[in-house]
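Chemist: Residue numbers (this note's numbering), protein chains in the order written: chain A, 7 to 452; chain B, 12 to 242. Just so you know, even glycine gets a beta-carbon here, dropped at the ideal spot from N, CA and C. My structure is below; once you've seen it, I'll send some questions.
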């Protein structure tokens with residue numbers, strides 16, 4: 007018997023065009039389903055429809071029927087469906103209620119009426135299962151993006167739902183953490199629907215693949231059949247990180263640098279790191295190993311506690327969080343901030359990233375994938391001598407990633423480019439060489 | 012001390028500061044709360060500056076907008092709407108009193124925001140849990156905005172745009188407000204998806220109260236009585 011049934015589901019947000027069109031499918035207990043599709047194709051909306059958040063929370067025009075465990079989502083509120091299903095949203099920072107990890111994981115269990123004496127044990131078990139047991143007593147504000155994502159996943163898994171809805175659950179996790187998260191979701195016994203922009207992370211573990219395009223379900227097939235029918239960019243790819251020596255004129259050099267946010271807590275020690283004009287360097291390593299710190303030191307956003315950073319020319323840094331590139335009222339004005347308000351130049355940069363049509367829109371009206379590209383345009387426009395991109399492919403679909411890699415390669419002769427990333431496929435595609443911050447928090451050649 | 016009794020004690024001190032009618036008494040309560048705030052490990056500067064700054068503003072403005080007393084210390088020009096500007100010793104005293112009152116209330120809030128574990132406070136709430144959670148989330152707004160502002164400034168610096176001066180920082184107000192509204196919506200959605208608002212919710216077991224925890228609400232109540240009768 008089907009755990010969830012979707013019949014001719016169509017939906018449009020209150021002020022938008024159709025987000026979902028005539029989707030029909032069934033989800034069976036225990037199956038793991040990969041939900042793929044380009045940015046803005048309706049993946050997150052589809053997950054929200056399964057969770058009952060569409061239409062209850064968002065409003066809009068809803069037609070068709072969604073039934074989960076026998077409950078019609080039009081009559082059952084999302085809070086009534088909670089527990090039967092668990093939802094993990096895209097941005098972990100926006101779904102945290104409490105300030106401490108253990109209270110955060112316990113929150114859902116309390117809402118579902120779990121007997122009080124069971125709550126601490128189940129919360130601790132969920133954290134341990136996701137490899138975050140040591141985070142239990144920590145403050146949420148102190149966690150890295152990857153750690154926070156694991157805590158949010160533990161919060162959902164603690165509910166032991168029958169249907170798990172995961173919206174890009176590994177976007178901030180390193181490859182090992184991502185594999186662990188997907189394995190854990192699979193072994194929970196729940197039916198799992200995972201939306202992903204890094205197909206290689208989910209395709210190996212899934213039974214079935216759904217592919218959305220402009221709100222339509224264009225592929226619903228078992229894994230083997232899906233491999234043959236998926237667009238080339240969505241096929242899993244080998245990721246072999248290139249090993250090479252630095253070459254060319256050094257634009258940035260870190261020598262004997264160390265850094266800690268607290269005096270007694272060293273985050274990074276770097277014997278030597280160099281980025282030269284004409285090369286693209288990928289910085290990889292596990293969550294919390296100091297990749298972002300290295301990026302900020304290289305661009306001068308942080309000053310080292312010891313050692314020396316030498317830079318030549320202008321340096322630009324792209325933050326992990328695209329929400330930080332929403333200062334202006336229009337997308338082109340946002341991009342123009344870095345070039346003294348030069349709007350034609352800003353529009354050219356938007357065009358390079360496929361956002362020409364969005365130039366006049368408010369940055370907050372863009373989808374998450376579009377915001378990522380807007381943020382990229384906001385730094386690329388400056389044509390810096392040193393360009394440091396921190397997780398530039400978060401929320402970006404494979405086709406756009408290929409385009410980004412091509413763009414960076416094309417522009418690489420004029421600058422030194424450093425790409426901090428957990429996306430090894432992208433790193434392999436774009437980089438001339440890779441360095442790792444693992445495992446002893448000391449930058450070494452990969 | 013557990014957060015619930017500590018919150019009760021702070022509430023008692025606020026009530027005492029509002030009920031007392033002697034400047035020295037209110038000043039003593041404000042000084043006590045100031046010392047408590049100094050125990051906060053981090054971020055206290057912003058809160059202390061806000062609390063003392065708002066109190067000072069009241070001290071400075073009150074003599075010009077009030078018209079009480081007959082002992083004129085300074086006579087100024089006549090201003091439309093406000094009338095003649097003058098400062099009397101009674102107005103100065105009242106300004107100081109009201110300023111200290113506001114400072115005491117703001118310092119009590121600062122102590123609540125900086126020193127109390129809001130998670131445990133929400134979990135300890137035996138009734139009105141929704142209201143306590145709403146207050147805890149609202150309290151988090153200040154540090155969250157602080158973090159967001161730092162993030163925006165860092166992203167701008169990362170593009171070579173320096174944010175300086177009042178005008179530069181004022182430009183961040185709109186995105187900060189819009190960002191916090193967006194975050195509030197996302198959080199509300201995530202809370203509903205995790206069953207918030209469903210009947211039959213339970214609570215994780217609470218810590219047992221020690222002697223100090225039991226004494227703190229009594230001390231808060233005593234402060235209120237003292238405020239009414241003697242301070």
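Going by beta-carbon coordinates alone, are residue 14 (chain B) and residue 131 (chain B) separated by less than 7 Å?
Modeler: yes
Chemist: If we ignore side chains and look at the alpha-carbon of each, how far apart do residue 93 (chain B) and residue 75 (chain B) end up?
Modeler: 8 Å
Chemist: Please state the DSSP three-state secondary structure of residue 24 (chain A).
Modeler: strand
Chemist: So, with DSSP's three-state summary, where would you put residue 400 (chain A)?
Modeler: coil
Chemist: Could you please give the first and the last residue of the uninterrupted alpha helix (DSSP H) stretch that includes residue 112 (chain A)?
Modeler: Going by DSSP, residue 112 (chain A) is part of the alpha helix (DSSP H) stretching over 107-117.
Chemist: Output needed for residue 110 (chain B): all residues of its chain with C-beta closer than 6 Å, excluding positions within five of it in sequence on either side, in chain order.
Modeler: 66, 69, 70
Chemist: Three-state secondary structure (DSSP) at residue 322 (chain A)?
Modeler: strand
Chemist: From the DSSP secondary-structure annotation, give me the bridge partner or partners of residue 228 (chain A).
Modeler: A:214
Chemist: Suppose you measure from the CA of residue 451 (chain A) to the CA of residue 420 (chain A); what does that come to, to the nearest Å?
Modeler: Note on residue 451 (chain A): pLDDT 44, under 50, position unreliable in the model; the coordinate value appears next. Straight-line Cα distance between these residues: approximately 24 Å.
Chemist: For a minimum of 4 consecutive residues, which ranges assigned as the alpha helix (DSSP H) are wholly contained in the segment 128-197 of chain A?
Modeler: 151-163, 181-193
Chemist: List the residues of chain A whose Cβ lies closer than 8 Å to the Cβ of residue 58 (chain B), in chain order.
Modeler: Going along chain A, no residue has its Cβ under 8 Å from residue 58 (chain B), so there is no contact; the nearest lies around 16 Å.
Chemist: Using beta-carbon positions only, say whether residue 174 (chain A) and residue 101 (chain A) come within less than 7 Å of one another.
Modeler: no
Chemist: Which residues mark the beginning and the end of the alpha helix (DSSP H) in which residue 34 (chain B) is found?
Modeler: 34-48
Chemist: For residue 82 (chain B), count neighbouring C-beta atoms within 10 Å of its own C-beta (all shown protein chains included) and say buried if the count is 16 or more, exposed if not.
Modeler: exposed
Chemist: Closer than 9 Å, Cβ to any Cβ of chain B: which residues of the segment 307-331 of chain A, in chain order?
Modeler: 307, 320, 321, 322, 323, 324, 325, 327, 329, 330, 331
Chemist: Is residue 399 (chain A) buried or exposed, if buried means 16 or more other CB atoms sit within 10 Å of its CB?
Modeler: Flag for residue 399 (chain A) reads buried.
Chemist: Does the Cβ-Cβ distance between residue 215 (chain B) and residue 136 (chain A) come in under 7 Å?
Modeler: no
Chemist: Run through DSSP, which three-state label would residue 32 (chain A) get?
Modeler: strand
Chemist: Run through the DSSP bridge pairs and tell me what residue 286 (chain A) is partnered with.
Modeler: Paired residues: A:423.
Chemist: Run the CB neighbour count on residue 332 (chain A), radius 10 Å, all protein chains shown included, and call it buried at 16 or more, exposed below.
Modeler: buried
Chemist: Can you name the residues that DSSP bridges to residue 342 (chain A)?
Modeler: Residue 342 (chain A) is not bridged to any residue.
Chemist: Just list the alpha helix (DSSP H) runs in the segment 353-411 of chain A, keeping only unbroken ones of 4 residues or longer that don't cross its boundaries, in chain order.
Modeler: 374-386
Chemist: How is residue 86 (chain B) classed by DSSP in three states: helix, strand or coil?
Modeler: It is a strand residue.
Chemist: Check whether chain A comes within 7 Å of residue 76 (chain B), counting only Cβ atoms and requiring the distance to be less than that.
Modeler: Not closer than 7 Å to any Cβ of chain A, the Cβ of residue 76 (chain B) fails to qualify, so no.
Chemist: Please list the terminal residues of the continuous alpha helix (DSSP H) segment that includes residue 150 (chain B).
Modeler: 140-150
Chemist: Answer yes or no: does any C-beta atom of chain B fall closer than 7 Å to that of residue 250 (chain A)?
Modeler: no
Chemist: Which bits of chain B does residue 106 (chain A) rub up against, with CB to CB less than 8 Å?
Modeler: Residues of chain B passing the Cβ test: 128, 130.
Chemist: Which residue from A:359, A:330, A:369 puts its Cα closest to that of residue 170 (chain B)?
Modeler: A:330
Chemist: Grab the span of the alpha helix (DSSP H) containing residue 108 (chain B) for me, first residue to last.
Modeler: 100-126
Chemist: Can you give me the start and stop residues for the beta strand (DSSP E) that residue 16 (chain A) sits inside?
Modeler: Residues 8-18.
Chemist: Please report the Cβ distance between residue 81 (chain A) and residue 207 (chain B), rounded to the nearest whole angstrom; I am assuming they are in contact, meaning their Cβ atoms lie under 8 Å.
Modeler: So it is not a contact: roughly 19 Å between Cβ atoms.
Chemist: Counting only beta-carbon atoms, is residue 130 (chain A) nearer than 7 Å to chain B?
Modeler: no
Chemist: Starting from the beta carbon of residue 85 (chain A), find every residue of chain B whose beta carbon is closer than 9 Å, and list them in chain order.
Modeler: 202, 203, 204, 205, 206, 207, 208, 209
Chemist: Quick one: which chain B residues come within Cβ less than 7 Å of residue 117 (chain A)?
Modeler: Contacts between residue 117 (chain A) and chain B, judged by CB atoms closer than 7 Å, involve 205, 206, 207, 209, 212 in chain order.
Chemist: If I measure Cβ to Cβ from residue 303 (chain A) and keep anything under 7 Å in the same chain, skipping five residues before and after, which residues do I get?
Modeler: 260, 263, 265, 310, 315
Chemist: With distances taken from CA atoms, which of A:17, A:218, A:362, A:166 is nearest residue 46 (chain A)?
Modeler: Selected option, being the one with the closest Cα: A:218.
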